[in-house]
Amino acid sequence: MSDNHAQKRSDGRPRGKPRGMRRDRDCRRCKSRNIKCDLNRPRCLPCVQAGLPCGGYPQRLVWAGQGAARAAGKLPQGGTSRDEAAPARATVAPVDRGDELTGPSRISATTDDQNSFVDRLAAFCRQITVNGRSHSTDHYLSSEAMSLVSHLSDFIQARIESRPAADACSGDIGDEAESVDAARHRSLALGGLNEALREANPFALLAIAVFAFFEVVYDSAFGEWQRHLYGARSLLDCHCRSRAELEVLSESVTGLTEIVARLVWFDTLGAIARQTTGLIFDGWHRGILNDKFFQLVGCPQDTFDLFIYVANMDGPSDPVGSCILAMDQLLRLDATDSTDWGLSTNAHRCAAAIAVLGRVGEETAMCGQSAMASAVEKTCQIIAATPSSLRFYIHMAVPAYLAGMNATTPRQCHVVRRYWQCCNIARVPRYPGGLAKCEEEWRAKGLVQ
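Counting from 1, one number per residue, gives the positions in the sequence shown under UniProt numbering.
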(Lines of atoms letter the chains of each structure in order from A and count residues from 1; the text may use other names and numbers.)
(Lines give C-alpha, C1' and ligand atoms only; values in the text may rest on other atoms or scores of the structure.)
Protein backbone atom coordinates (compact mmCIF):
# COMPACT_ATOMS: atom_id res chain seq x y z
CA MET A 1 0.00 0.00 0.00
CA SER A 2 1.46 3.37 -0.98
CA ASP A 3 2.08 6.11 1.55
CA ASN A 4 -0.32 8.33 -0.33
CA HIS A 5 -3.08 5.75 -0.08
CA ALA A 6 -2.38 5.21 3.64
CA GLN A 7 -3.31 8.81 4.31
CA LYS A 8 -6.85 8.30 2.96
CA ARG A 9 -9.95 7.04 4.66
CA SER A 10 -12.19 4.51 2.99
CA ASP A 11 -14.37 7.39 1.78
CA GLY A 12 -11.40 9.15 0.19
CA ARG A 13 -11.06 11.91 2.80
CA PRO A 14 -7.68 12.58 4.45
CA ARG A 15 -7.04 10.71 7.67
CA GLY A 16 -5.86 13.88 9.40
CA LYS A 17 -2.81 16.08 9.69
CA PRO A 18 0.53 14.49 8.92
CA ARG A 19 2.69 13.73 11.90
CA GLY A 20 4.43 16.81 13.29
CA MET A 21 1.64 19.18 12.20
CA ARG A 22 -0.29 19.20 15.48
CA ARG A 23 -1.97 22.60 15.84
CA ASP A 24 -4.45 22.15 18.68
CA ARG A 25 -2.11 23.88 21.12
CA ASP A 26 -1.46 27.01 19.02
CA CYS A 27 -2.83 30.33 20.21
CA ARG A 28 -6.20 31.23 18.75
CA ARG A 29 -4.78 34.07 16.65
CA CYS A 30 -2.09 31.92 15.00
CA LYS A 31 -4.63 29.18 14.42
CA SER A 32 -6.98 31.62 12.67
CA ARG A 33 -4.07 32.93 10.57
CA ASN A 34 -2.97 29.34 9.79
CA ILE A 35 0.62 29.92 10.88
CA LYS A 36 2.81 28.03 13.33
CA CYS A 37 2.71 29.37 16.88
CA ASP A 38 5.81 29.23 19.11
CA LEU A 39 3.52 28.75 22.16
CA ASN A 40 5.20 31.44 24.25
CA ARG A 41 3.15 32.86 27.10
CA PRO A 42 1.60 35.29 27.75
CA ARG A 43 2.22 36.45 24.16
CA CYS A 44 3.60 34.41 21.30
CA LEU A 45 6.30 35.89 19.09
CA PRO A 46 4.42 35.60 15.74
CA CYS A 47 1.61 37.76 17.15
CA VAL A 48 4.06 40.27 18.64
CA GLN A 49 5.97 40.56 15.36
CA ALA A 50 2.73 41.00 13.41
CA GLY A 51 1.52 43.67 15.84
CA LEU A 52 -1.58 41.64 16.69
CA PRO A 53 -3.08 40.86 20.08
CA CYS A 54 -2.38 37.24 21.00
CA GLY A 55 -5.68 35.40 21.11
CA GLY A 56 -4.82 33.24 24.11
CA TYR A 57 -4.43 29.50 24.33
CA PRO A 58 -7.04 26.74 24.45
CA GLN A 59 -7.50 24.98 27.75
CA ARG A 60 -8.27 21.39 28.51
CA LEU A 61 -9.96 19.76 31.46
CA VAL A 62 -7.89 17.59 33.74
CA TRP A 63 -9.84 15.49 36.21
CA ALA A 64 -8.31 15.80 39.63
CA GLY A 65 -7.15 12.46 41.00
CA GLN A 66 -7.14 10.67 37.68
CA GLY A 67 -3.75 11.97 36.58
CA ALA A 68 -2.24 11.22 39.97
CA ALA A 69 -3.65 7.71 39.96
CA ARG A 70 -2.17 6.99 36.56
CA ALA A 71 1.18 8.38 37.64
CA ALA A 72 1.14 6.05 40.63
CA GLY A 73 0.39 3.08 38.39
CA LYS A 74 -3.01 2.46 39.97
CA LEU A 75 -5.04 3.27 36.94
CA PRO A 76 -4.43 1.91 33.46
CA GLN A 77 -4.57 4.34 30.57
CA GLY A 78 -8.14 4.80 29.43
CA GLY A 79 -9.66 3.04 32.48
CA THR A 80 -11.33 4.07 35.72
CA SER A 81 -10.89 2.79 39.22
CA ARG A 82 -13.68 1.90 41.65
CA ASP A 83 -12.58 4.77 43.86
CA GLU A 84 -13.59 7.16 41.11
CA ALA A 85 -17.24 6.19 41.07
CA ALA A 86 -18.07 9.56 42.59
CA PRO A 87 -18.09 12.51 40.18
CA ALA A 88 -14.59 13.79 39.69
CA ARG A 89 -13.71 17.45 40.11
CA ALA A 90 -12.66 19.19 36.90
CA THR A 91 -9.81 21.67 36.93
CA VAL A 92 -8.53 23.78 34.09
CA ALA A 93 -4.90 23.30 33.19
CA PRO A 94 -2.80 25.07 30.58
CA VAL A 95 -2.12 23.11 27.45
CA ASP A 96 1.11 21.18 27.75
CA ARG A 97 3.74 22.61 25.44
CA GLY A 98 5.72 19.39 25.47
CA ASP A 99 8.94 19.34 23.55
CA GLU A 100 7.83 21.76 20.84
CA LEU A 101 9.83 24.56 22.50
CA THR A 102 13.19 22.85 22.42
CA GLY A 103 16.02 24.19 20.30
CA PRO A 104 18.17 27.31 20.32
CA SER A 105 15.80 29.36 18.16
CA ARG A 106 13.06 29.39 20.78
CA ILE A 107 12.12 32.63 22.53
CA SER A 108 10.50 32.12 25.92
CA ALA A 109 8.76 34.78 27.96
CA THR A 110 10.26 35.79 31.28
CA THR A 111 7.32 34.59 33.33
CA ASP A 112 9.07 34.58 36.69
CA ASP A 113 10.21 38.22 36.71
CA GLN A 114 12.06 37.54 39.94
CA ASN A 115 13.75 40.94 39.88
CA SER A 116 10.79 42.98 38.68
CA PHE A 117 10.90 46.47 40.20
CA VAL A 118 7.20 47.04 39.58
CA ASP A 119 6.37 43.90 41.57
CA ARG A 120 8.42 45.26 44.46
CA LEU A 121 6.58 48.58 44.21
CA ALA A 122 3.24 46.76 44.27
CA ALA A 123 4.41 44.83 47.34
CA PHE A 124 5.34 48.09 49.08
CA CYS A 125 1.86 49.45 48.35
CA ARG A 126 0.23 46.38 49.88
CA GLN A 127 2.50 46.50 52.91
CA ILE A 128 1.79 50.18 53.51
CA THR A 129 -1.95 49.63 53.18
CA VAL A 130 -1.86 46.82 55.76
CA ASN A 131 0.52 48.53 58.17
CA GLY A 132 -1.27 51.84 57.87
CA ARG A 133 -4.14 50.60 59.99
CA SER A 134 -1.84 50.09 62.98
CA HIS A 135 0.50 53.05 62.42
CA SER A 136 -1.98 55.90 62.16
CA THR A 137 0.16 57.99 64.52
CA ASP A 138 2.88 58.35 61.86
CA HIS A 139 2.42 61.91 60.61
CA TYR A 140 3.76 61.00 57.15
CA LEU A 141 1.15 58.28 56.72
CA SER A 142 -1.79 60.65 56.54
CA SER A 143 -5.16 59.81 55.06
CA GLU A 144 -4.04 61.56 51.85
CA ALA A 145 -0.90 59.41 51.71
CA MET A 146 -2.94 56.26 52.29
CA SER A 147 -5.28 57.28 49.47
CA LEU A 148 -2.27 57.87 47.17
CA VAL A 149 -0.86 54.43 47.95
CA SER A 150 -4.24 52.81 47.29
CA HIS A 151 -4.55 54.53 43.90
CA LEU A 152 -0.99 53.54 43.03
CA SER A 153 -1.76 49.92 43.79
CA ASP A 154 -4.86 50.02 41.58
CA PHE A 155 -2.92 51.76 38.80
CA ILE A 156 -0.12 49.17 38.81
CA GLN A 157 -2.62 46.33 38.60
CA ALA A 158 -4.69 47.97 35.87
CA ARG A 159 -1.67 48.82 33.72
CA ILE A 160 -0.22 45.32 33.90
CA GLU A 161 -3.55 43.70 33.11
CA SER A 162 -4.51 46.08 30.28
CA ARG A 163 -1.26 46.18 28.31
CA PRO A 164 -1.89 44.47 24.94
CA ALA A 165 0.77 42.70 22.94
CA ALA A 166 -0.04 44.74 19.86
CA ASP A 167 2.23 47.67 20.67
CA ALA A 168 4.87 45.74 22.60
CA CYS A 169 7.25 45.54 19.62
CA SER A 170 5.80 48.25 17.42
CA GLY A 171 8.12 50.94 18.66
CA ASP A 172 5.16 53.28 19.19
CA ILE A 173 5.66 55.48 22.24
CA GLY A 174 2.80 56.83 24.28
CA ASP A 175 -0.23 55.94 26.34
CA GLU A 176 -2.72 55.26 23.54
CA ALA A 177 -2.94 51.60 24.62
CA GLU A 178 -3.86 52.43 28.21
CA SER A 179 -7.29 51.14 29.24
CA VAL A 180 -10.01 53.39 30.55
CA ASP A 181 -9.66 51.80 33.97
CA ALA A 182 -5.90 52.35 34.03
CA ALA A 183 -6.34 55.95 32.85
CA ARG A 184 -8.77 56.61 35.67
CA HIS A 185 -6.41 55.20 38.28
CA ARG A 186 -3.54 57.15 36.73
CA SER A 187 -5.51 60.38 37.08
CA LEU A 188 -6.36 59.66 40.70
CA ALA A 189 -2.77 58.71 41.51
CA LEU A 190 -1.43 61.87 39.84
CA GLY A 191 -3.84 63.97 41.89
CA GLY A 192 -2.64 62.25 45.04
CA LEU A 193 1.00 62.75 43.99
CA ASN A 194 0.47 66.48 43.47
CA GLU A 195 -1.02 66.75 46.96
CA ALA A 196 1.84 64.73 48.48
CA LEU A 197 4.43 66.90 46.74
CA ARG A 198 2.71 70.03 48.00
CA GLU A 199 3.13 68.67 51.52
CA ALA A 200 6.63 67.33 50.74
CA ASN A 201 5.43 63.95 51.97
CA PRO A 202 8.22 61.37 51.43
CA PHE A 203 5.64 58.76 50.42
CA ALA A 204 5.50 60.69 47.15
CA LEU A 205 8.82 58.95 46.31
CA LEU A 206 6.87 55.71 45.91
CA ALA A 207 4.59 57.40 43.39
CA ILE A 208 7.52 58.93 41.52
CA ALA A 209 9.11 55.49 41.23
CA VAL A 210 5.86 53.98 39.93
CA PHE A 211 5.42 56.63 37.24
CA ALA A 212 9.10 56.45 36.36
CA PHE A 213 8.72 52.73 35.70
CA PHE A 214 5.60 52.94 33.57
CA GLU A 215 6.58 56.08 31.66
CA VAL A 216 10.19 55.09 30.93
CA VAL A 217 10.51 51.30 31.17
CA TYR A 218 6.99 50.60 29.98
CA ASP A 219 6.14 53.34 27.48
CA SER A 220 8.87 55.75 26.53
CA ALA A 221 12.34 56.28 25.08
CA PHE A 222 15.11 54.12 26.46
CA GLY A 223 17.10 55.60 29.36
CA GLU A 224 15.18 58.89 29.63
CA TRP A 225 14.78 58.95 33.42
CA GLN A 226 15.85 62.53 34.13
CA ARG A 227 12.64 64.38 34.95
CA HIS A 228 11.54 61.69 37.40
CA LEU A 229 14.96 61.53 39.02
CA TYR A 230 15.21 65.31 39.46
CA GLY A 231 11.84 65.29 41.21
CA ALA A 232 12.86 62.42 43.48
CA ARG A 233 16.18 64.10 44.34
CA SER A 234 14.47 67.41 45.19
CA LEU A 235 11.94 65.71 47.45
CA LEU A 236 14.64 63.64 49.12
CA ASP A 237 16.69 66.79 49.84
CA CYS A 238 13.76 68.16 51.86
CA HIS A 239 14.18 65.34 54.38
CA CYS A 240 17.73 64.02 54.34
CA ARG A 241 21.15 65.25 53.30
CA SER A 242 23.16 62.27 54.50
CA ARG A 243 23.02 58.51 54.58
CA ALA A 244 22.34 58.54 58.33
CA GLU A 245 19.30 60.78 57.83
CA LEU A 246 18.07 58.53 55.02
CA GLU A 247 18.26 55.51 57.32
CA VAL A 248 16.17 57.35 59.92
CA LEU A 249 13.57 58.33 57.31
CA SER A 250 13.47 54.74 56.03
CA GLU A 251 12.08 53.64 59.39
CA SER A 252 8.91 55.61 58.59
CA VAL A 253 8.63 55.14 54.81
CA THR A 254 8.26 51.54 53.67
CA GLY A 255 10.71 50.52 50.95
CA LEU A 256 12.42 53.93 50.82
CA THR A 257 16.00 52.65 50.81
CA GLU A 258 15.32 50.15 48.04
CA ILE A 259 13.46 52.74 45.97
CA VAL A 260 16.30 55.25 46.28
CA ALA A 261 18.82 52.53 45.38
CA ARG A 262 16.89 51.71 42.21
CA LEU A 263 16.63 55.38 41.25
CA VAL A 264 20.38 55.79 41.75
CA TRP A 265 20.93 52.75 39.51
CA PHE A 266 18.65 54.23 36.84
CA ASP A 267 20.47 57.56 37.15
CA THR A 268 23.84 55.97 36.39
CA LEU A 269 22.74 53.49 33.72
CA GLY A 270 20.56 56.12 32.05
CA ALA A 271 23.55 58.45 31.67
CA ILE A 272 25.51 55.55 30.16
CA ALA A 273 22.74 54.78 27.66
CA ARG A 274 22.27 58.45 26.68
CA GLN A 275 26.01 59.08 26.66
CA THR A 276 25.52 62.22 28.75
CA THR A 277 27.82 63.68 31.38
CA GLY A 278 26.87 64.29 35.01
CA LEU A 279 24.71 62.45 37.53
CA ILE A 280 21.67 63.64 39.46
CA PHE A 281 22.36 61.81 42.71
CA ASP A 282 25.45 62.34 44.88
CA GLY A 283 28.10 59.94 46.06
CA TRP A 284 26.45 59.32 49.42
CA HIS A 285 23.27 58.26 47.63
CA ARG A 286 25.28 55.73 45.61
CA GLY A 287 26.85 54.55 48.86
CA ILE A 288 23.63 52.73 49.77
CA LEU A 289 24.16 50.30 46.89
CA ASN A 290 25.62 47.36 48.78
CA ASP A 291 26.53 43.78 47.87
CA LYS A 292 22.91 42.71 48.23
CA PHE A 293 21.82 45.26 45.63
CA PHE A 294 24.53 44.27 43.15
CA GLN A 295 23.54 40.63 43.61
CA LEU A 296 19.99 41.71 42.74
CA VAL A 297 20.87 43.42 39.46
CA GLY A 298 23.69 41.08 38.42
CA CYS A 299 26.43 43.69 38.17
CA PRO A 300 29.78 43.62 40.01
CA GLN A 301 30.54 46.71 42.07
CA ASP A 302 33.83 47.46 40.32
CA THR A 303 31.96 47.56 37.01
CA PHE A 304 29.35 49.90 38.47
CA ASP A 305 32.20 52.13 39.70
CA LEU A 306 33.45 52.27 36.11
CA PHE A 307 29.96 53.26 34.94
CA ILE A 308 30.10 56.15 37.42
CA TYR A 309 33.53 57.13 36.12
CA VAL A 310 32.23 57.18 32.54
CA ALA A 311 29.10 59.15 33.47
CA ASN A 312 31.28 61.81 35.10
CA MET A 313 33.85 61.96 32.27
CA ASP A 314 34.19 65.47 30.89
CA GLY A 315 35.56 64.57 27.50
CA PRO A 316 38.46 62.22 26.70
CA SER A 317 40.87 63.80 29.20
CA ASP A 318 42.82 60.55 29.61
CA PRO A 319 42.11 58.38 26.56
CA VAL A 320 44.99 55.99 27.21
CA GLY A 321 43.95 55.47 30.83
CA SER A 322 40.36 54.98 29.70
CA CYS A 323 41.42 52.27 27.24
CA ILE A 324 43.32 50.53 30.01
CA LEU A 325 40.20 50.56 32.20
CA ALA A 326 38.16 49.11 29.33
CA MET A 327 40.70 46.37 28.66
CA ASP A 328 40.79 45.55 32.36
CA GLN A 329 37.05 44.83 32.31
CA LEU A 330 37.43 42.61 29.24
CA LEU A 331 40.31 40.72 30.87
CA ARG A 332 38.07 39.99 33.87
CA LEU A 333 35.54 38.12 31.73
CA ASP A 334 35.13 34.49 32.77
CA ALA A 335 34.15 32.51 29.70
CA THR A 336 33.83 29.33 31.78
CA ASP A 337 31.16 30.76 34.11
CA SER A 338 27.75 29.95 32.63
CA THR A 339 25.83 30.58 35.85
CA ASP A 340 23.19 33.30 36.07
CA TRP A 341 25.63 35.55 37.88
CA GLY A 342 28.49 34.76 35.51
CA LEU A 343 26.53 35.58 32.36
CA SER A 344 25.16 38.80 33.80
CA THR A 345 28.48 40.06 35.16
CA ASN A 346 30.21 39.29 31.87
CA ALA A 347 27.53 41.25 30.00
CA HIS A 348 27.92 44.27 32.29
CA ARG A 349 31.72 44.17 32.06
CA CYS A 350 31.45 44.26 28.27
CA ALA A 351 28.96 47.13 28.53
CA ALA A 352 31.35 49.10 30.73
CA ALA A 353 34.14 48.57 28.21
CA ILE A 354 31.88 49.75 25.36
CA ALA A 355 30.82 52.79 27.38
CA VAL A 356 34.42 53.79 28.08
CA LEU A 357 35.63 53.21 24.53
CA GLY A 358 32.74 55.22 23.16
CA ARG A 359 34.21 58.34 24.79
CA VAL A 360 37.91 58.04 24.00
CA GLY A 361 39.63 60.42 21.59
CA GLU A 362 41.13 59.90 18.17
CA GLU A 363 44.58 59.30 19.70
CA THR A 364 43.58 55.76 20.54
CA ALA A 365 41.30 55.16 17.58
CA MET A 366 43.02 52.01 16.31
CA CYS A 367 43.29 50.33 19.70
CA GLY A 368 39.85 51.56 20.69
CA GLN A 369 38.15 50.24 17.55
CA SER A 370 39.63 46.79 17.98
CA ALA A 371 38.64 46.61 21.64
CA MET A 372 35.17 48.01 20.84
CA ALA A 373 34.57 45.36 18.18
CA SER A 374 35.65 42.66 20.61
CA ALA A 375 33.41 43.99 23.41
CA VAL A 376 30.36 44.23 21.13
CA GLU A 377 30.89 40.71 19.78
CA LYS A 378 31.36 39.25 23.25
CA THR A 379 28.22 41.02 24.48
CA CYS A 380 26.19 39.56 21.63
CA GLN A 381 27.58 36.09 22.32
CA ILE A 382 26.61 36.38 25.99
CA ILE A 383 23.10 37.62 25.22
CA ALA A 384 22.56 34.88 22.63
CA ALA A 385 23.61 32.27 25.20
CA THR A 386 21.40 33.68 27.96
CA PRO A 387 17.89 32.22 28.35
CA SER A 388 15.14 34.78 28.89
CA SER A 389 14.18 32.93 32.08
CA LEU A 390 17.44 34.09 33.67
CA ARG A 391 16.70 36.11 36.79
CA PHE A 392 19.09 38.85 35.66
CA TYR A 393 17.77 38.98 32.11
CA ILE A 394 15.75 42.15 32.58
CA HIS A 395 18.85 43.95 33.88
CA MET A 396 20.88 43.22 30.74
CA ALA A 397 19.07 45.98 28.83
CA VAL A 398 21.95 48.48 28.87
CA PRO A 399 24.50 45.89 27.65
CA ALA A 400 22.07 44.94 24.88
CA TYR A 401 21.46 48.58 24.02
CA LEU A 402 25.15 49.51 23.85
CA ALA A 403 25.90 46.41 21.78
CA GLY A 404 23.02 47.24 19.46
CA MET A 405 24.04 50.87 18.98
CA ASN A 406 27.60 49.77 18.16
CA ALA A 407 26.74 46.67 16.11
CA THR A 408 28.61 46.17 12.86
CA THR A 409 27.03 42.99 11.43
CA PRO A 410 23.46 41.87 10.67
CA ARG A 411 23.99 38.87 12.96
CA GLN A 412 24.69 41.14 15.91
CA CYS A 413 21.57 43.12 15.05
CA HIS A 414 19.58 39.90 15.03
CA VAL A 415 20.81 38.92 18.51
CA VAL A 416 19.96 42.30 20.00
CA ARG A 417 16.58 42.39 18.26
CA ARG A 418 15.67 39.05 19.80
CA TYR A 419 16.62 40.35 23.23
CA TRP A 420 14.22 43.29 22.88
CA GLN A 421 11.52 40.95 21.59
CA CYS A 422 11.94 38.76 24.66
CA CYS A 423 11.61 41.84 26.86
CA ASN A 424 8.42 42.80 25.06
CA ILE A 425 6.69 39.43 25.34
CA ALA A 426 7.37 39.15 29.06
CA ARG A 427 4.56 39.33 31.59
CA VAL A 428 5.45 42.98 32.06
CA PRO A 429 6.66 44.29 28.66
CA ARG A 430 9.71 46.54 28.82
CA TYR A 431 11.72 49.01 26.76
CA PRO A 432 9.72 49.51 23.55
CA GLY A 433 12.03 52.41 22.74
CA GLY A 434 15.16 50.27 22.97
CA LEU A 435 14.48 48.35 19.80
CA ALA A 436 13.23 51.46 17.99
CA LYS A 437 16.48 53.33 18.66
CA CYS A 438 18.62 50.36 17.65
CA GLU A 439 16.66 49.83 14.42
CA GLU A 440 17.11 53.50 13.55
CA GLU A 441 20.87 53.22 14.05
CA TRP A 442 21.03 50.01 12.03
CA ARG A 443 19.20 51.55 9.11
CA ALA A 444 21.57 54.53 9.16
CA LYS A 445 24.51 52.11 8.97
CA GLY A 446 22.91 50.05 6.22
CA LEU A 447 22.83 46.92 8.38
CA VAL A 448 19.09 46.43 7.93
CA GLN A 449 16.56 47.59 5.37
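Note that the Cβ used here is the ideal one computed from N, Cα and C, for glycine as well.
Of the candidates Leu269, Asn40, Asn424, Leu269 places its Cα closest to the Cα of Val297. DSSP places Ser388 outside both helix and strand once states are collapsed to three, so it counts as coil. Annotation for Arg227: the continuous alpha helix (DSSP H) segment containing it runs 226-237.
By alpha-carbon distance to Gly404, the top candidate from Pro410, Val416, His395, Val217 is Val416.
For Gln329, the secondary structure class from DSSP, reduced to helix, strand or coil, is helix. Within its own chain, the residues whose Cβ lies closer than 6 angstroms to the Cβ of Leu447, once the five positions on either side in sequence are excluded, are Pro410, Cys413, listed in chain order. Taking Gln381 as reference, the option from Met396, Gly368, Ser143, Leu229 with the minimal CA-CA separation is Met396. Ranked by Cα distance from Asp119, the options Ala384, Val428, Gly342 are led by Val428.
With a minimum length of 4 residues, the unbroken runs of alpha helix (DSSP H) contained wholly in the region 258-335 fall at 283-286, 291-297, 301-311, 319-331. The DSSP-derived three-state label of Lys36 is coil.
The beta carbons of Gln127 and Thr254 sit closer together than 8 angstroms. With contacts defined as CB atoms closer than 8 angstroms, Arg159 and Ala182 qualify as a contacting pair. Note that the C-beta distance between Asn201 and Ala145 is below 8 angstroms. In chain order, Phe155 place their CB closer than 6 angstroms to the CB of Arg186, counting only its own chain and leaving out the 5 sequence neighbours on each side. When DSSP states are grouped into helix, strand and coil, Gly446 belongs to the coil group. Ile394 sits close to Cys423, with the two beta carbons spaced by under 8 angstroms. Of all alpha-carbon atoms in Leu188, His139, Val48, Ala232, the one lying nearest the alpha-carbon of Ala209 is that of Ala232.
In this structure the region 340-347 lies against the region 296-313, because at least three pairs of beta carbons, one per stretch, are closer than 8 angstroms. At the C-beta level, Phe266 and Leu206 stay beyond 8 angstroms of one another.
Spatial neighbours of Asp26 in its own chain (CB-CB distance under 6 angstroms, excluding positions within 5 residues in sequence) are listed in chain order as Cys37. From the listed residues Ala351, Asn406, Arg29, Tyr230, the smallest Cα separation to Glu441 is found for Asn406. In this structure, Leu52 lies near Arg29, with their beta-carbon atoms less than 8 angstroms apart.
Val216 is positioned such that its CB atom lies closer than 8 angstroms to that of Glu224.
Excluding sequence positions up to five before and after Gly287, its CB lies within less than 7 angstroms of the CB of Arg243, all in the same chain and listed in chain order.
Short of 7 angstroms from the beta carbon of Phe222, and not among the five residues preceding or following it, lie these beta carbons of its own chain, in chain order: Ala273, Tyr401, Tyr431, Gly433, Gly434, Lys437. The beta carbons of Leu306 and Ala352 sit closer together than 8 angstroms.
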